[in-house]
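Working notes for the structure below.
Numbering (this note's numbering), first residue to last: 394 to 454.
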């Protein structure tokens, strides 16, 4: 695959991670209570950080 195609797939993965972060943040804030709320919130922010780093790599290379 060409470098452009690889960057495209990496950026799509980053967008998918952002989508997962949005969904898990929604569930942690409005649907869950207790320990599940904390676990999903931590997972959501991990998704968001990974997505940000992924897209940062795509934009800077």
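Glycine included, each C-beta is placed from N, C-alpha and C at the ideal position.
How about residue i and residue j: are their beta carbons less than 7 Å apart?
i, j, result
"residue 406", "residue 440", "no"
"residue 401", "residue 444", "no"
"residue 451", "residue 403", "yes"
Which one of the options has the shortest CA to CA distance from residue i?
i, options, result
"residue 437", "445, 417 and 409", "417"
Does the beta-carbon of residue i have 16 or more other beta-carbons within 10 angstroms, so that it is buried, or is it exposed?
i, result
"residue 454", "exposed"
"residue 446", "exposed"
"residue 421", "buried"
In terms of residue numbering, what span does the alpha helix (DSSP H) encompassing residue i cover?
i, result
"residue 408", "396-419"
"residue 438", "428-453"
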